[in-house]
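Chemist: Residue numbers (our numbering), protein chains in the order written: chain A, -15 to 722; chain B, 25 to 235.
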């Protein structure tokens, strides 16, 4: 057992700092085995030197490392020593690049470097080698819920990659909504004409694939376990149920079309000649390539499409969002008419026409070329007079109320996600006397946190739309298609491919106990000291990923394969019994205690910065790359997520003489940027209560600040630190210096 | 004749003005491709002075406002600066469409009354076709007197010095007043114009006959 220290003197570190004295600090005060210097530590020679020490036998063998060089975000390849506990002391971005040169600054800059070395040595002593828990399972079988075009694409892609798939479909046929369409939007250049949906061929391919099992008329009655070993009960409405094991889950449960009966202003239900887009598909299918006929048998000669019917509207009972596909769908449906007979009048009344996707604009242009009339107008009502219809609308270009006749009106209604039960909904609806139709659960998860994946807004399953579109807040369960955001069939199929790739990744990672996104590859997992636990359940409630269940006595049960390793449980724990092998209350606590706090009269305050390693820390690194000068009194400790910040750290810091604490996490809320979705939010909630602690200590509340910092806040992040320096200058030094 | 053509067109297209424009107006087949972004209207330097900027004209065509479009002074206001063509994201030849619409409205007799651009256009054409060369002296004087004799004398007097200078510099000859110079084969030129007129009439006739 030996801790090896390696001090790099390259990149100007040797020129700016007194490395001889830093070596002494590491060995005498950090109490590590030795400290070697190298003038180019990340070179092959430098890395070889470290590897030789790791490979040594007997007393010379090094088991933990302190790399005193650049930021932990730099040279990650060179300084990758596998599971060996390693502390990275940031002397480059953290010290010399943010401090000005000149003899008047030398003393404080040197103190800063020495502190960081003490912190690194203290951290590594509290770290232990992380190993997998041993509760892994490997199962190459993916459960796909939903047999629409998304689910079938996912199954076929899984099979192509050599994995098994089971499709659970609640109806008696595969195909979903796409299976009810006459034709679909074009997927290939020149994107000019509707094309065959390809659903029949896809169903045939699914049925012919011996790696794919299809359960029709079936639902998921129960899902328990974790990635790599999901245990699922499949209930069938026509026969006996089945028990099956799966490695990962893709939820492709799609959407339910908005109920047009909520739109009496458009005469839906009053006239058979007002139909929804989906109903028109059935009419077109019945007509084949011939003339589309109305319910009364008359050939349609003049059709009007009403865009945004009951959507993008704040009216009661309407959908507030855009469903993404309806403009292109109306364009396609207008072509059904124009392609069968160019003399048919087709008018699309739109407010904002959006045709997303590569070929969307071409498709729109093609419809204009086919003489489909596009008028920018907002429809107020549709009047049914006998079998003919009068569409009243406001022309938004000519700014006048007007109307037009039609013998068929098609409503572009929206999509509502089938995401199951909203587990975060307030449960007091029954108390209001309001009768609500209970929503059926899709996955019936046997998780403490609820039976379905959490939702974000409008009932769509939560996943970050840019950074991690398929990751739900339940590890190993991935959503694809309109269940996570409104989209068309082509996008849903692309989605299916992405989600199935993530599912495969989850299977492979969970087999060896490695974390999924965003700490991919991390082997550590939370564990707790049972005798200290008060069964308060705060960890199970705060875990953003529903990883923690409770046993019958109320003790937490950590399902390591479901865990994303954010440490929110650790931050939540009021008695600090939760820890990871390589990240714990102790690893951070020891660091902040290792800082030398000069006395009250030295005019050298100390400011602790807890920065999220995903966004805030890289922002500070980048500010350093721009040589943005910062105070010499800040001491930055990266944290996995601000959610892992335990209030004990703040108390310890203030109690041991720090003058201020700055916490930097990611943006929270519905447009969150937090890699652990809720971590930053949890931290903000927790820190809102820190005021009590401060007042009992008789300290000013300004001494603690919590900020939302994005990775792009390169100029702002250092300014926030400067602000705290100003606050300390104003309110004075902390009286808690001993 | 004009009103007859107009009647025939009304008969033929039965309220589908977009189709009428597509089939009869020069570059009119582009009108359907407009996506109503409004960049043309925003780019037109004279836009604020038009009754209906191009974007509106295109929407009025789709809204079957036939009389209103064809009797509008708007497209006669176009100065052919080509800003709209340069900027249209859909590549519509808007300037040409405006001239096409103006010409069509004149052909079927719906042009606005006393529109100076229209008057000047006719004057220019008559002047040009007479001899095959533009008689600048007559054209200029014609313009002076377009608003009546008294107004013409006033303008002519104010331009007196300019005229004298141009004569001195041999940029203008008073002899042009007496007939003026023309192309060498004037008869051939007139035959050519006649033929073109026949062809155009045949084309229009064919279009109006086809029902």
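Just so it is clear, CB atoms sit at the ideal spot from N, CA and C, and this is done for glycine as well. What you are looking at is a predicted structure, and each value in this text was computed from that prediction instead of being measured.
Express the C-alpha separation of residue 164(B) and residue 217(B) in angstroms, rounding to a whole number.
Modeler: So the two alpha carbons sit approximately 24 Å from each other.
Chemist: For residue 385(A), which of helix, strand or coil comes out of DSSP?
Modeler: strand
Chemist: Using the Cα positions of residue 151(A) and residue 217(A), report the straight-line distance between them to the nearest angstrom.
Modeler: 13 Å
Chemist: What is the C-beta distance between residue 333(A) and residue 356(A), in whole angstroms, given that I count them as a contact (C-beta under 8 Å)?
Modeler: Contact flag wrong, Cβ pair sits at about 12 Å.
Chemist: Count the other CB atoms within 10 Å of the CB of residue 9(A); is the residue buried (16 or more) or exposed (fewer)?
Modeler: buried
Chemist: Okay, do the stretch 33 to 41 of chain B and the stretch 639 to 648 of chain A touch, 3+ Cβ pairs below 8 Å being the bar?
Modeler: no
Chemist: Tell me which residue opens and which closes the alpha helix (DSSP H) that residue 184(B) is part of.
Modeler: 184 to 192
Chemist: Rounded C-beta distance between residue 591(A) and residue 646(A)? I'm assuming under 8 Å.
Modeler: 6 Å
Chemist: Out of 548(A), 528(A), 703(A), state which residue places its alpha-carbon closest to the alpha-carbon of residue 604(A).
Modeler: 703(A)
Chemist: In the DSSP assignment, the alpha helix (DSSP H) including residue 147(B) goes from what residue to what residue?
Modeler: Note, residue 147(B): alpha helix (DSSP H), 140 to 155.
Chemist: So is residue 87(B) in contact with chain A if we call contact Cβ pairs under 8 Å?
Modeler: Yes - at least one Cβ of chain A is within 8 Å of the one on residue 87(B).
Chemist: 8 Å is my cut-off, CB to CB: does residue 357(A) come that close to chain B?
Modeler: yes
Chemist: For residue 56(B), decide whether its Cβ has a neighbour in chain A, counting only Cβ atoms nearer than 8 Å.
Modeler: yes
Chemist: Under three-state DSSP, which class holds residue 608(A)?
Modeler: Under the three-state reduction of DSSP, residue 608(A) is assigned to helix.
Chemist: Residue 101(B) versus chain A: which residues are under 9 Å apart at the beta carbon?
Modeler: Residues of chain A passing the Cβ test: none, with the nearest at roughly 18 Å.
Chemist: Run through the DSSP bridge pairs and tell me what residue 362(A) is partnered with.
Modeler: 378(A)
Chemist: Are the stretch 205 to 219 of chain A and the stretch 426 to 446 of chain A touching, with three or more C-beta to C-beta distances below 8 Å?
Modeler: yes
Chemist: Against chain B, does residue 264(A) count as a neighbour if the rule is that its beta carbon must be under 8 Å from one of theirs?
Modeler: no
Chemist: Quick check: is the beta carbon of residue 234(B) nearer than 8 Å to any beta carbon in chain A?
Modeler: Residue placement at residue 234(B) is poorly supported in this model, since its pLDDT is 47, which falls under 50; the coordinates are not used for a value here.
Chemist: Would you say residue 338(A) reaches chain B, if we count a Cβ-Cβ gap shorter than 8 Å as a contact?
Modeler: no
Chemist: Can you give me the C-alpha to C-alpha distance between residue 25(B) and residue 472(A), rounded to a whole angstrom?
Modeler: Interpretation of residue 25(B) is limited by its pLDDT of 46, a score under 50 that renders its predicted location unreliable; the figure taken from the coordinates is listed afterwards. Roughly 54 Å between the two C-alpha positions.
Chemist: Identify whether residue 482(A) lies in helix, strand or coil by the three-state DSSP scheme.
Modeler: Helix at residue 482(A).
Chemist: For residue 42(B), which residues in chain A fall below 8 Å Cβ to Cβ?
Modeler: 355, 357
Chemist: With 8 Å as the limit, tell me which residues of the stretch 374 to 394 of chain A have their beta carbon closer than that to any beta carbon of chain B; keep them in chain order.
Modeler: 379, 381, 382, 386
Chemist: For the stretch 184 to 246 of chain A, which segments carrying the beta strand (DSSP E) assignment without a break, of at least 3 residues, lie completely within its bounds, in sequence order?
Modeler: List check, beta strand (DSSP E) in window: 196 to 199, 202 to 210, 213 to 220, 226 to 230, 232 to 235, 239 to 241.
Chemist: Based on the DSSP output, what are the partners of residue 127(A) in its beta bridges?
Modeler: Listed as beta-bridge partners of residue 127(A) by DSSP are 150(A), 233(A).
Chemist: Is residue 88(B) helix, strand or coil by DSSP?
Modeler: Three-state result, residue 88(B): coil.
Chemist: Any C-beta of chain A sitting closer than 8 Å to the C-beta of residue 80(B)?
Modeler: yes
Chemist: How far does the alpha helix (DSSP H) with residue 133(A) in it extend, from its first residue to its last?
Modeler: First-last of the alpha helix (DSSP H) with residue 133(A): 133 to 144.
Chemist: Run the CB neighbour count on residue 196(A), radius 10 Å, all protein chains shown included, and call it buried at 16 or more, exposed below.
Modeler: Burial call: buried.
Chemist: Measure from the C-beta of residue 139(B) to each C-beta in chain A and report whether the shortest distance is under 8 Å.
Modeler: no
Chemist: Measure the Cβ-Cβ separation of residue 290(A) and residue 128(A) and say whether it is below 8 Å.
Modeler: no
Chemist: Which chain B residues sit within Cβ distance under 9 Å of residue 360(A)?
Modeler: 60, 83
Chemist: Where does residue 41(B) fall in DSSP's three states?
Modeler: helix
Chemist: Bridge partners for residue 372(A) per DSSP, in chain order?
Modeler: Per DSSP, the beta bridge partners of residue 372(A) are 369(A).
Chemist: Find out if the Cβ-Cβ distance for the pair residue 182(A), residue 160(A) is shorter than 8 Å.
Modeler: In this structure, residue 160(A) does not lie closer than 8 Å to residue 182(A) by Cβ.
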